[in-house]
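Just so you know, we're using the numbering used here here: the sequence shown kicks off at 1 and counts up by one. Every residue, glycine too, gets a C-beta built ideally from N, C-alpha and C. For reference, the structure discussed in these notes is given below.
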Amino acid sequence: MNIQTEMKNVTQESDEGLVERMGAGEKPAFDELYRRYSDPLFSFFMKMLGRDREKCEDFLQDIFMRLFEKSNYFDLSRQFKPWIYSVAHNMVKNEYKKIQVRQIMSRDADTENIRVNGNSPDAVTEEQLFSEKLNACLLKIDPDKKAAFILKYKEGFAIHEIANIQGVKEGTIKSRLFYVKKYLCNELSEFKPNI
(Lines of atoms letter the chains of each structure in order from A; the text may use other names.)
(Lines give C-alpha, C1' and ligand atoms only; values in the text may rest on other atoms or scores of the structure.)
Protein backbone atom coordinates (compact mmCIF):
# COMPACT_ATOMS: atom_id res chain seq x y z
CA MET A 1 0.00 0.00 0.00
CA ASN A 2 1.46 3.38 -0.97
CA ILE A 3 1.58 6.37 1.37
CA GLN A 4 -1.25 8.29 -0.37
CA THR A 5 -3.60 5.30 -0.13
CA GLU A 6 -2.67 4.79 3.52
CA MET A 7 -3.28 8.48 4.32
CA LYS A 8 -6.64 8.39 2.53
CA ASN A 9 -7.63 5.34 4.55
CA VAL A 10 -6.52 7.03 7.77
CA THR A 11 -8.47 10.23 7.11
CA GLN A 12 -11.64 8.24 6.42
CA GLU A 13 -11.26 5.99 9.48
CA SER A 14 -13.42 6.43 12.58
CA ASP A 15 -11.74 7.66 15.75
CA GLU A 16 -12.20 4.26 17.36
CA GLY A 17 -10.69 2.56 14.29
CA LEU A 18 -7.70 4.88 14.50
CA VAL A 19 -7.14 3.96 18.15
CA GLU A 20 -7.27 0.29 17.21
CA ARG A 21 -4.73 0.89 14.43
CA MET A 22 -2.54 2.84 16.87
CA GLY A 23 -2.55 -0.20 19.14
CA ALA A 24 -1.19 -2.17 16.18
CA GLY A 25 1.67 0.33 15.91
CA GLU A 26 0.47 2.47 12.98
CA LYS A 27 1.93 5.96 13.43
CA PRO A 28 -0.29 7.57 10.75
CA ALA A 29 -3.30 6.65 12.90
CA PHE A 30 -1.83 8.60 15.83
CA ASP A 31 -1.01 11.53 13.54
CA GLU A 32 -4.62 11.63 12.31
CA LEU A 33 -6.04 11.60 15.85
CA TYR A 34 -3.65 14.41 16.75
CA ARG A 35 -4.77 16.37 13.68
CA ARG A 36 -8.43 15.91 14.62
CA TYR A 37 -8.22 16.64 18.35
CA SER A 38 -5.18 18.80 19.13
CA ASP A 39 -6.90 22.14 18.44
CA PRO A 40 -10.22 21.34 20.19
CA LEU A 41 -8.42 19.91 23.24
CA PHE A 42 -6.03 22.86 23.39
CA SER A 43 -9.03 25.19 23.28
CA PHE A 44 -10.70 23.23 26.09
CA PHE A 45 -7.55 23.45 28.23
CA MET A 46 -7.23 27.20 27.53
CA LYS A 47 -10.79 27.80 28.71
CA MET A 48 -10.42 25.63 31.79
CA LEU A 49 -6.94 26.72 32.90
CA GLY A 50 -7.23 30.48 32.61
CA ARG A 51 -5.45 30.93 29.28
CA ASP A 52 -2.04 29.80 30.53
CA ARG A 53 -0.67 28.87 27.08
CA GLU A 54 2.43 27.07 28.34
CA LYS A 55 0.47 24.95 30.81
CA CYS A 56 -2.11 24.13 28.13
CA GLU A 57 0.62 23.03 25.72
CA ASP A 58 2.01 20.77 28.46
CA PHE A 59 -1.44 19.31 29.10
CA LEU A 60 -1.96 18.70 25.37
CA GLN A 61 1.39 16.92 25.13
CA ASP A 62 0.57 14.84 28.22
CA ILE A 63 -2.82 13.73 26.96
CA PHE A 64 -1.44 12.61 23.61
CA MET A 65 1.49 10.84 25.28
CA ARG A 66 -1.01 8.94 27.44
CA LEU A 67 -3.05 8.10 24.36
CA PHE A 68 0.03 6.88 22.50
CA GLU A 69 1.33 4.81 25.42
CA LYS A 70 -2.03 3.32 26.45
CA SER A 71 -3.87 2.91 23.15
CA ASN A 72 -3.94 -0.88 23.68
CA TYR A 73 -6.08 -0.35 26.79
CA PHE A 74 -8.80 1.70 25.10
CA ASP A 75 -12.21 -0.02 25.24
CA LEU A 76 -13.21 -0.10 21.57
CA SER A 77 -16.89 -0.34 22.52
CA ARG A 78 -16.71 3.25 23.83
CA GLN A 79 -16.80 6.39 21.71
CA PHE A 80 -13.41 8.05 21.50
CA LYS A 81 -14.43 11.74 21.64
CA PRO A 82 -16.26 11.61 25.00
CA TRP A 83 -13.49 9.37 26.36
CA ILE A 84 -10.64 11.74 25.42
CA TYR A 85 -12.57 14.68 26.88
CA SER A 86 -13.13 12.74 30.10
CA VAL A 87 -9.36 12.25 30.33
CA ALA A 88 -8.88 15.99 29.72
CA HIS A 89 -11.53 16.80 32.32
CA ASN A 90 -9.80 14.61 34.91
CA MET A 91 -6.45 16.24 34.17
CA VAL A 92 -8.01 19.67 34.79
CA LYS A 93 -9.67 18.48 38.02
CA ASN A 94 -6.30 17.26 39.30
CA GLU A 95 -4.74 20.60 38.43
CA TYR A 96 -7.48 22.45 40.33
CA LYS A 97 -6.77 20.31 43.38
CA LYS A 98 -3.08 21.27 43.19
CA ILE A 99 -4.01 24.95 42.84
CA GLN A 100 -6.30 24.77 45.88
CA VAL A 101 -3.52 23.28 48.00
CA ARG A 102 -1.13 26.05 46.88
CA GLN A 103 -3.76 28.72 47.65
CA ILE A 104 -4.35 27.34 51.15
CA MET A 105 -0.62 27.28 51.80
CA SER A 106 -0.29 30.82 50.42
CA ARG A 107 -3.16 32.12 52.61
CA ASP A 108 -1.52 30.56 55.66
CA ALA A 109 1.73 32.31 54.77
CA ASP A 110 -0.10 35.62 54.19
CA THR A 111 -1.84 35.34 57.57
CA GLU A 112 1.51 34.74 59.24
CA ASN A 113 2.98 37.74 57.38
CA ILE A 114 0.12 39.97 58.60
CA ARG A 115 0.81 38.92 62.19
CA VAL A 116 4.54 39.54 61.83
CA ASN A 117 4.29 42.89 60.01
CA GLY A 118 1.31 44.18 61.98
CA ASN A 119 -0.70 45.02 58.85
CA SER A 120 -4.45 44.76 59.14
CA PRO A 121 -6.39 42.57 56.73
CA ASP A 122 -8.83 45.52 56.51
CA ALA A 123 -6.13 47.51 54.73
CA VAL A 124 -7.08 45.82 51.48
CA THR A 125 -8.70 48.50 49.33
CA GLU A 126 -12.02 48.20 47.54
CA GLU A 127 -10.20 48.60 44.24
CA GLN A 128 -7.99 45.60 44.98
CA LEU A 129 -11.03 43.50 45.91
CA PHE A 130 -12.80 44.50 42.71
CA SER A 131 -9.76 43.64 40.62
CA GLU A 132 -9.25 40.28 42.31
CA LYS A 133 -12.92 39.35 41.95
CA LEU A 134 -12.97 40.31 38.30
CA ASN A 135 -9.82 38.33 37.51
CA ALA A 136 -10.94 35.30 39.52
CA CYS A 137 -14.56 35.09 38.32
CA LEU A 138 -14.14 31.99 36.19
CA LEU A 139 -11.61 30.43 38.52
CA LYS A 140 -14.17 30.45 41.35
CA ILE A 141 -16.45 28.00 39.60
CA ASP A 142 -16.17 24.37 40.68
CA PRO A 143 -14.12 22.50 38.02
CA ASP A 144 -16.93 20.01 37.28
CA LYS A 145 -19.47 22.79 36.80
CA LYS A 146 -17.06 24.90 34.76
CA ALA A 147 -16.19 21.91 32.56
CA ALA A 148 -19.88 21.13 31.97
CA PHE A 149 -20.46 24.75 30.95
CA ILE A 150 -17.49 24.85 28.59
CA LEU A 151 -18.26 21.44 27.09
CA LYS A 152 -21.86 22.51 26.42
CA TYR A 153 -21.51 26.09 25.25
CA LYS A 154 -17.98 26.24 23.85
CA GLU A 155 -17.31 22.69 22.63
CA GLY A 156 -20.86 21.88 21.53
CA PHE A 157 -21.36 18.60 23.38
CA ALA A 158 -24.89 17.36 24.07
CA ILE A 159 -25.98 16.93 27.68
CA HIS A 160 -25.87 13.12 27.47
CA GLU A 161 -22.30 13.29 26.12
CA ILE A 162 -21.22 15.60 28.95
CA ALA A 163 -22.82 13.21 31.44
CA ASN A 164 -20.78 10.40 29.89
CA ILE A 165 -17.57 12.46 30.02
CA GLN A 166 -18.07 13.43 33.66
CA GLY A 167 -19.47 10.06 34.72
CA VAL A 168 -22.72 11.46 36.17
CA LYS A 169 -26.43 11.51 35.31
CA GLU A 170 -27.90 13.96 32.81
CA GLY A 171 -29.87 15.65 35.58
CA THR A 172 -26.61 16.44 37.36
CA ILE A 173 -25.27 18.10 34.21
CA LYS A 174 -28.45 20.16 33.84
CA SER A 175 -28.10 21.24 37.46
CA ARG A 176 -24.44 22.18 36.97
CA LEU A 177 -25.29 24.23 33.88
CA PHE A 178 -28.09 26.02 35.72
CA TYR A 179 -25.76 26.81 38.63
CA VAL A 180 -23.04 28.24 36.36
CA LYS A 181 -25.47 30.40 34.40
CA LYS A 182 -27.02 31.73 37.61
CA TYR A 183 -23.58 32.34 39.13
CA LEU A 184 -22.30 34.19 36.07
CA CYS A 185 -25.44 36.35 35.95
CA ASN A 186 -24.92 37.29 39.59
CA GLU A 187 -21.20 37.92 39.14
CA LEU A 188 -21.66 40.04 36.05
CA SER A 189 -24.52 42.04 37.56
CA GLU A 190 -22.17 43.34 40.27
CA PHE A 191 -20.11 45.10 37.65
CA LYS A 192 -23.00 46.91 35.96
CA PRO A 193 -22.93 50.62 36.71
CA ASN A 194 -25.90 52.11 38.53
CA ILE A 195 -27.79 54.11 35.93
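{"Item": "Sub-8 angstroms separation of residue 45 and residue 59 beta-carbons", "Value": "yes"}
{"Item": "Buried/exposed call for residue 71, threshold 16 Cβ in 10 Å", "Value": "buried"}
{"Item": "Element boundaries [alpha helix (DSSP H), containing residue 196]", "Value": "Past the edges of the chain, shown from 1 to 195, lies residue 196, and the structure says nothing about it."}
{"Item": "Extent of the continuous alpha helix (DSSP H) run through residue 166", "Value": "159–166"}
{"Item": "Residue range of the alpha helix (DSSP H) that includes residue 15", "Value": "15–23"}
{"Item": "Inter-stretch contact at 8 angstroms, needing at least 3 Cβ pairs: the region 170–179 / the region 81–97", "Value": "no"}
{"Item": "C-alpha gap between residue 159 and residue 28, whole angstroms", "Value": "32 angstroms"}
{"Item": "Short Cβ contact (8 angstroms threshold) for residue 63 with residue 22", "Value": "no"}
{"Item": "Cβ neighbours of residue 163 in the same chain (closer than 8 angstroms, five flanking residues each side left out)", "Value": "169, 170, 172 and 173"}
{"Item": "Residue 73 versus residue 167 - alpha carbon distance", "Value": "19 angstroms"}
{"Item": "Inter-residue spacing [alpha-carbon to alpha-carbon] between residue 145 and residue 153", "Value": "12 angstroms"}
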